[in-house]
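Number of protein chains: 4
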Amino acid sequence: MEKIKKIAVMTSGGDAPGMNAAIRSVVRTCAYYSIACAGIYRGYEGLIEGDFIELTARSVNNIINKGGTILKSARSKEFRTKEGRQKAYEHLRKNKIDAMVVIGGDGSFTGAVVFNEEFNFPVIGIPGTIDNDIFGTSHTLGYDTALNTAVEAIDKIRDTASSHNRLFFVEVMGRDAGFIALNAGVGAGAEEILIPEEDLGLDRMLESLKKSRRAGKSSSIVVVAEGDKSGKNVYELAEYVEENLPEYEVRVSVLGHMQRGGSPSCFDRVLASRLGVKSVELLLDGQTNLMVGLKNNEVISTSIAEAIKGGHTINMELLRVSDIMTT
Amino acid sequence: MEKIKKIAVMTSGGDAPGMNAAIRSVVRTCAYYSIACAGIYRGYEGLIEGDFIELTARSVNNIINKGGTILKSARSKEFRTKEGRQKAYEHLRKNKIDAMVVIGGDGSFTGAVVFNEEFNFPVIGIPGTIDNDIFGTSHTLGYDTALNTAVEAIDKIRDTASSHNRLFFVEVMGRDAGFIALNAGVGAGAEEILIPEEDLGLDRMLESLKKSRRAGKSSSIVVVAEGDKSGKNVYELAEYVEENLPEYEVRVSVLGHMQRGGSPSCFDRVLASRLGVKSVELLLDGQTNLMVGLKNNEVISTSIAEAIKGGHTINMELLRVSDIMTT
Amino acid sequence: MEKIKKIAVMTSGGDAPGMNAAIRSVVRTCAYYSIACAGIYRGYEGLIEGDFIELTARSVNNIINKGGTILKSARSKEFRTKEGRQKAYEHLRKNKIDAMVVIGGDGSFTGAVVFNEEFNFPVIGIPGTIDNDIFGTSHTLGYDTALNTAVEAIDKIRDTASSHNRLFFVEVMGRDAGFIALNAGVGAGAEEILIPEEDLGLDRMLESLKKSRRAGKSSSIVVVAEGDKSGKNVYELAEYVEENLPEYEVRVSVLGHMQRGGSPSCFDRVLASRLGVKSVELLLDGQTNLMVGLKNNEVISTSIAEAIKGGHTINMELLRVSDIMTT
Amino acid sequence: MEKIKKIAVMTSGGDAPGMNAAIRSVVRTCAYYSIACAGIYRGYEGLIEGDFIELTARSVNNIINKGGTILKSARSKEFRTKEGRQKAYEHLRKNKIDAMVVIGGDGSFTGAVVFNEEFNFPVIGIPGTIDNDIFGTSHTLGYDTALNTAVEAIDKIRDTASSHNRLFFVEVMGRDAGFIALNAGVGAGAEEILIPEEDLGLDRMLESLKKSRRAGKSSSIVVVAEGDKSGKNVYELAEYVEENLPEYEVRVSVLGHMQRGGSPSCFDRVLASRLGVKSVELLLDGQTNLMVGLKNNEVISTSIAEAIKGGHTINMELLRVSDIMTT
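Protein chains in written order, with the working numbering: chain U, 17 to 343; chain W, 17 to 343; chain Z, 17 to 343; chain P, 17 to 343.
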């Protein structure tokens, strides 16, 4: 393999706080090693269109604390076609780009692997998604920030719930993964947490709410992940409880997209800085098809293929803690 | 009238940040003037049930910065009946309470006026509602805090909207009044603001969004008050735009009850402290049936009857500013 | 006077949250009226050096929520000389700038008046300073944000003060004006507030602290303005109390420059938007030498000369409220 | 050993966000296992004085999100004497307390070990300190929150630093440990970080600042830990730079005690909940002299004696990342 002289970086899929900090880190690490760096706009879509920008160490001043992504993000259908990827490859060649860092989630990594197979193009992945549903890292970029955003919002909801002795169903993000729901639920002191990984049964929830009221709690919060396994959405759950526990005055709040934004937490900024350095250093070291991540507070790397296949498992101990906390 | 020796305070209707600061102020002012103070739980409902608590200067330590209301709040149907009010009056007599401070909105004040008429019981109102829809004060308690909460949430939504070139419809509170929508909309730099006071027409919104895109804006935020006059709710508005402007990828976010909670802003804490002092001093001065409020940064008082009748009007200059800002 | 075709905007003196929102408003209002707009970097210093930038409606995207000032700010000695101002004027001519909006405080406005006198150059001032010490407006840009920043910091300090039964002296900004100290002090529930406008005497403070402890308060916060009239700085005050009230464990915290930064509050963003529109419209209307401001929630204008001369007075009612609150 | 029927919990030493969440967890876990729980006020001082309170599951409602500690904290000289500890033991016996959970840092744990040796009294430690300087856990309670507090404050300082092209020295907490300085420094994008663990030399700092200016950075932040090894305090460092790099306008900001307060982050709340459960379960399992902690996201336990002896080491990789980021 030839020496790498220019690296491109993109953000792909759902945006997450810390993506800008990761872009900054990739760009500054390139500058540190005196190689060039290009930004690709709008993920694979921009790659196919050749929508590039040259980035220097100064281009990324004052973005470490900004939510969103200055390179913007998108999902690309065209990149799933051979023609799309061919165009992408030609743009990379034309721009003399030797390797690529992709900041995104599972879907983005799958694209990267296919692309590497076809064109033998070096690529490293940085896990960026608020859902924390990626194998090979204890934390994805944006997850810690999203937890704080969710918990701060639920704290506010608790204020009004307590004032009116109400029960709130709060939906947080996480279509396939209950990480946000479980951790934000424990963090916010939720009386009940419903997650996609486990169907604890609606009866259990009713029992828990009854117990909570008997125990003298004046308000209750039930945190529900988008993809809860009960098969009911948050509004249906609220109705179900109102029907079965008429003593409760029930309200629903869907936190929604605000969980994706906001200035990243210190943890996410530091993680982004560390992963960005590692991703460039791996490429310079001749490595490819790896995802960088965190394990036991150490930066590690995993084969992207493995990362995609690998399942994430919810922390059963935390479910138990949640149960004890609602005593 | 006899000398007042004991004052009761309650919070009534929808809760608002700053209610605790106002309770603290009423209690401490009573202590300052060496008179007793009782708290009434759950507004008129608790009044009817005689659900009282003695409050001393120390009872209200460390609540100035807490959202919600330690006295809890409620809406009471029974207080609308003569029997309910009779019970309430008897509890007040039994507890030797000579006057009452009611922290709440229009509905709560109407109850207070009726009660005063029937029993000649001294009562002063403190305007506490995030909606700012009360005549006789430039600011209601909680309004400033709710604006900051809304703007911070929309800032986060803007992060993700910009990253994906999306259009977001964000619903804020305000069933009859567009104060939150208009101010939070201008504060968040919204491209369009829809309020109950004015039906600007859906065509105007489409035009504005087209203009915004032509002008090179990559994302757009439309802030919608709950009670928007267009007759469509926020989801229907989103659908309408998706049908008419297919180039837009549209998302909806309903901020909901988190706008009612949270630690009050400095403004709301100071306002609460000032209004609490004034309410007690008016009662000690033999006054009744007044609402305290702010005008030109001075604490003033208005007849409650007038406050209820008086209409609030939206700031047309601000609508114009909003229009200019979206140039 | 000829028709105005191009307006310049600068930020001068100490920076304040909301300055960017004001720049955005000036720029967008120019665009709305189809006139050109230039930004001047680093206040009068950049003006003398001709450090200008053309600003379009899109140049100011996504800055409404940013602290600091994208045009940067400075204090200029050279502008106090005739030669300096002559250079400044020539740069304005060369760049075909017909009028100027200066966002800053008293010092910046004095420069503007002198400049206008000498060159008959139209100029409008927007009051931007966290100190709120400008006559002719109830609120200066940045003041509301600084209050929230101070109160949030003092809330955190209260947490640790309460945990250890400690007394904290907290210094806030305000060399000549006690607005921040008085309002943040009331907002944070401070036991004592020391401001430049009034020397309440150190004995009074000792008495107040003794009373507070007797009343059973376990922690105390004394908020001190930088320019407190006691003649002692915050460290000397702390020592003085430790010597005279040895039962207190005393700590000092100087909030410092963080009070100047941060994302502006909704109030400051809306105020900035309104004042920016008004400043441009006044210039287009042929007016000059005015400062825009807020009075009774209406946008007004005052002669800059008057604004500079006029004294600001502290709200004595609020001092009294503070006293009652520490009962 | 007899069956444990009652557990006491205390907070000791410097307070930290998350201590209340840990108290809540200990209390609720006791309730879950149907054993009694007592709170000890003011750490070992309150223990010696027998200052106890019975705590039920409901006593700890709504404290998970509160900074500080409802049990208050203190450092005790008397507990270092045999007589003091004897008194403490007698109070425990009299109150029928069978075991104790101590939330605190190294100093508090040393006391616990001595006490256990003398009286064979079961004790478990929960690491609570913002400094993160305890062996046997990757994170101490309060550390994550303190990092976010520091980074948010430095973000604000950056706003004003950028506006004026200034250099700020920002002192953060950490007398013996540079964890906060290093992580908050990387998180805030500091140009230079000075920590107790390493004397990088003042020349290096000057070089770095010169490089930073040459690279076109307009503002700079140097984060300094309280106990920096250079031997100079933050004011002396600022003076030193002003003398050697006169082109810099230098300011100092000492973040101080606000770093100890504030609502805990989601991470700290979840960690506290997990550690509280484990501490009670270990006691019920007949264990003693252990400190609970986190390793690789799993709750583990370490011998307290080891935890005290064990050194903590700074992450050298992160120092390197910091260096690369300032390219």
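Where a beta carbon is used, it is the ideal one built from N, C-alpha and C, also for glycine. Computed from a prediction, not measured in an experiment: that's the story for all the values here.
1. Do the stretch 142–157 of chain P and the stretch 31–51 of chain P meet, that is, are 3 or more Cβ pairs less than 8 angstroms apart?
2. Please go through the same chain and pick out, in chain order, the residues whose beta-carbon is closer than 7 angstroms to the beta-carbon of serine 269(U), but skip the five residues on each side of it.
3. For glutamine 102(Z), count the other beta carbons within 10 Å of its own beta carbon; 16 or more makes it buried, fewer makes it exposed. Which is it?
4. Take asparagine 260(Z) and list the residues in its own chain whose beta-carbon comes closer than 7 angstroms to its own, dropping the five residues that flank it on each side.
5. Could you tell me which chain W residues have their CB closer than 9 angstroms to the CB of asparagine 312(Z), listed as they occur along the chain?
6. Counting only beta-carbon separations shorter than 8 angstroms, does serine 48(P) have a partner in chain U?
7. From Gly55(P), Ala37(P), Ala24(P), Ala73(P), pick the residue whose C-alpha is nearest to that of alanine 47(P); which is it?
8. Is it buried or exposed for asparagine 305(Z), if we count other Cβ within 10 angstroms and need 16 for buried?
9. Would you say isoleucine 209(W) faces chain U, with C-beta separation under 8 angstroms as the test?
10. Please work out which residues of its chain come closer than 7 angstroms, Cβ to Cβ, to alanine 200(P), disregarding the five sequence neighbours upstream and downstream, and give them in chain order.
11. Taking 8 angstroms as the threshold (beta carbon to beta carbon), is methionine 221(P) in contact with chain Z?
12. Say the cut is 7 angstroms; is the CB of aspartate 219(P) nearer than that to a heavy atom of the ligand ATP?
13. Do threonine 176(U) and glycine 302(W) have their C-beta atoms closer together than 8 angstroms?
14. Suppose you measure from the CA of leucine 310(U) to the CA of phenylalanine 131(U); what does that come to, to the nearest Å?
15. Leaving aside the five residues before and after isoleucine 320(W) along the sequence, list all residues of the same chain whose C-beta is less than 7 angstroms from its C-beta, in chain order.
16. Could you check where the alpha helix (DSSP H) with arginine 336(U) kicks off and where it finishes?
17. Identify, in the order they occur along the chain, each residue of the same chain with its Cβ nearer than 8 angstroms to the Cβ of lysine 110(Z), setting aside the five sequence neighbours on each side.
18. Using a beta-carbon distance below 8 angstroms, is asparagine 164(Z) in contact with chain P?
19. So which residues on chain P does phenylalanine 283(U) lean against when the C-beta distance must stay under 9 angstroms?
20. Going by the CB atoms, is the gap between alanine 115(U) and leucine 299(U) shorter than 8 angstroms?
21. If you follow the alpha helix (DSSP H) that valine 42(Z) is part of, which residue opens it and which one closes it?
22. Taking C-beta pairs closer than 8 angstroms, name the residues in chain W that aspartate 171(Z) reaches, listed in chain order.
23. Determine, for alanine 73(W), whether the minimum Cβ-Cβ distance to residues of chain Z falls below 8 angstroms.
24. Pull up the distance between the alpha-carbon of valine 118(W) and that of valine 139(W), whole angstroms please.
25. So, arginine 44(U) versus isoleucine 79(U), is the Cβ gap smaller than 8 angstroms?
26. Let me know the secondary structure DSSP gives phenylalanine 151(P) once reduced to three states.
27. For the stretch 29–61 of chain Z, list every residue whose C-beta sits within 7 angstroms of some C-beta in chain W, in sequence order.
28. For the alpha helix (DSSP H) containing phenylalanine 195(P), name the first residue and the last one.
29. Output the distance between the C-alpha atoms of serine 224(P) and isoleucine 237(P), rounded to the nearest integer angstrom.
30. What does valine 167(W) reach in chain U if we use C-beta pairs closer than 8 angstroms?
31. Say whether the stretch 87–102 of chain U touches the stretch 267–284 of chain U, bearing in mind that this needs 3 or more beta-carbon pairs closer than 8 angstroms, one atom from each stretch.
32. Counting only the same chain and skipping the five closest in sequence on each side, list residues whose C-beta sits under 7 angstroms from that of lysine 19(Z).
33. Would you mind stating whether leucine 357(W) and phenylalanine 151(W) have Cβ atoms separated by less than 8 angstroms?
34. I'd like the list of long-range same chain contacts for threonine 156(W), defined as Cβ closer than 6 angstroms, with 5 residues on each side in sequence excluded.
35. Decide if asparagine 36(W) is buried, meaning its Cβ has at least 16 other Cβ atoms within 10 Å, or exposed.
36. Using DSSP with H/G/I as helix, E/B as strand and the rest coil, what is arginine 267(Z)?
The relevant details are as follows:
1. The stretch 142–157 of chain P vs the stretch 31–51 of chain P: in contact.
2. Sequence index remark: in the first sequence, residue 269(U) carries index 253 (1-based). The answer, listed in chain order, is Ile173, Phe184, Val186.
3. Working through the third sequence from its first residue, we reach residue 102(Z) at position 86. With fewer than 16 other Cβ atoms within 10 Å, it is exposed.
4. In the third sequence, the residue the question calls residue 260(Z) occupies position 244. Apart from the 5 residues on each side of it in sequence, asparagine 260(Z) sits with its Cβ closer than 7 angstroms to the Cβ of Leu222 in its chain, given in chain order.
5. Mapped onto the third sequence, residue 312(Z) falls at position 296. Within chain W, the residues whose beta carbon sits less than 9 angstroms from that of asparagine 312(Z) are Ser154, Lys311, Asn312, Asn313, listed in sequence order.
6. Numbered from its first residue, the fourth sequence carries residue 48(P) at position 32. The question names serine, yet the displayed sequence has tyrosine at residue 48(P). Output row for tyrosine 48(P): interface = yes.
7. Residue 47(P) sits at position 31 when you count from the first residue of the fourth sequence. Nearest option by C-alpha distance: Ala73(P).
8. Against the third sequence, residue 305(Z) aligns to sequence position 289. Burial call: buried.
9. Locating residue 209(W) in the second sequence gives position 193, counting from the first residue. No Cβ of chain U is located within less than 8 angstroms of the beta carbon of isoleucine 209(W).
10. If you number the fourth sequence from 1, residue 200(P) lands on position 184. Hits under 7 angstroms: Leu163, Ala166, Val167, Ile170, Val188, Val239.
11. Working through the fourth sequence from its first residue, we reach residue 221(P) at position 205. No, no contact with chain Z.
12. You won't find the ligand ATP in this model; it holds no ligand whatsoever.
13. Counting from one through the first sequence, the residue named residue 176(U) turns up at place 160. Counting from one through the second sequence, the residue named residue 302(W) turns up at place 286. Against a cut-off of 8 angstroms, the Cβ pair of glycine 302(W) and threonine 176(U) comes out as no contact.
14. For this step, residue 310(U) is matched to residue 294 along the first sequence. For this step, residue 131(U) is matched to residue 115 along the first sequence. Cα to Cα, the separation comes out at about 25 angstroms.
15. Counted from its first residue, the second sequence places residue 320(W) at position 304. Excluding residues within five positions, the ones whose Cβ falls inside 7 angstroms are Phe125, Ala128, Val129, Gly141, Asn305, Leu306, Met307.
16. The count along the first sequence starts at 1 and reaches residue 336(U) at position 320. Per DSSP, arginine 336(U) belongs to the alpha helix (DSSP H) from 332–341.
17. Walking along the third sequence from the start, residue 110(Z) turns up at place 94. Within the same chain, lysine 110(Z) has close Cβ partners Gly66.
18. As a working mapping, residue 164(Z) is identified with position 148 in the third sequence. Judged by the 8 angstroms Cβ criterion, asparagine 164(Z) is not in contact with chain P.
19. By 1-based counting over the first sequence, the position of residue 283(U) is 267. Counting only Cβ-Cβ distances below 9 angstroms, phenylalanine 283(U) has contacts in chain P at Asp160, Leu163, Asn164, Asn199, Gly203, Ser281, Phe283, in chain order.
20. Against the first sequence, residue 299(U) aligns to sequence position 283. Against the first sequence, residue 115(U) aligns to sequence position 99. A contact, by the Cβ cut-off of 8 angstroms.
21. In the third sequence, counting from the first residue as 1, residue 42(Z) sits at position 26. Start and end: 35–48.
22. Against the third sequence, residue 171(Z) aligns to sequence position 155. Per Cβ cutoff of 8 angstroms: Asn81, Ser279.
23. The residue labelled residue 73(W) in the question sits at position 57 within the second sequence. Yes, contact with chain Z.
24. Numbered from 1 along the second sequence, position 102 holds the residue referred to as residue 118(W). Numbered from 1 along the second sequence, position 123 holds the residue referred to as residue 139(W). Each residue's alpha carbon lies about 7 angstroms from the other.
25. Counting from 1 along the first sequence, the entry for residue 44(U) is found at position 28. Counting from 1 along the first sequence, the entry for residue 79(U) is found at position 63. No; because the gap between Cβ atoms is not below 8 angstroms, this pair is not in contact.
26. For the purposes of this step, residue 151(P) is taken as the residue at position 135 of the fourth sequence. The answer is coil: DSSP assigns phenylalanine 151(P) none of H, G, I, E or B.
27. If the cut-off is 7 angstroms between Cβ atoms, the stretch 29–61 of chain Z has Ser41, Arg44, Thr45, Ala47, Tyr48 near chain W.
28. In the fourth sequence, residue 195(P) corresponds to position 179, counting from 1. From DSSP, the alpha helix (DSSP H) with phenylalanine 195(P) extends over 195–203.
29. To locate residue 224(P), count along the fourth sequence from 1; it is residue 208. To locate residue 237(P), count along the fourth sequence from 1; it is residue 221. Distance between the alpha carbons of serine 224(P) and isoleucine 237(P): 11 angstroms.
30. If you number the second sequence from 1, residue 167(W) lands on position 151. Identification of chain U residues near valine 167(W) by a Cβ-Cβ cut-off of 8 angstroms yields none; the smallest Cβ-Cβ distance measures about 12 angstroms.
31. Segment contact: the stretch 87–102 of chain U against the stretch 267–284 of chain U, fewer than three CB-CB distances shorter than 8 angstroms; contact not assigned.
32. The residue given as residue 19(Z) occupies position 3 in the third sequence. A distance below 7 angstroms between beta-carbons, with the five flanking residues on each side excluded, links lysine 19(Z) to no residue of its chain.
33. The structure shown does not extend to residue 357(W), since chain W is modelled only from 17 to 343, so the question has no answer here.
34. Here residue 156(W) refers to the residue found at position 140 when the second sequence is read from its first residue. Contacts found: Pro143, Thr145, Asn148, Ile150.
35. The sequence position of residue 36(W) within the second sequence is 20, counting from 1. Of the other Cβ atoms in all chains shown, 16 or more fall within 10 Å of the Cβ of asparagine 36(W); this residue is therefore buried.
36. Mapped onto the third sequence, residue 267(Z) falls at position 251. Looking at arginine 267(Z) - three-state DSSP - the assignment turns out to be strand.
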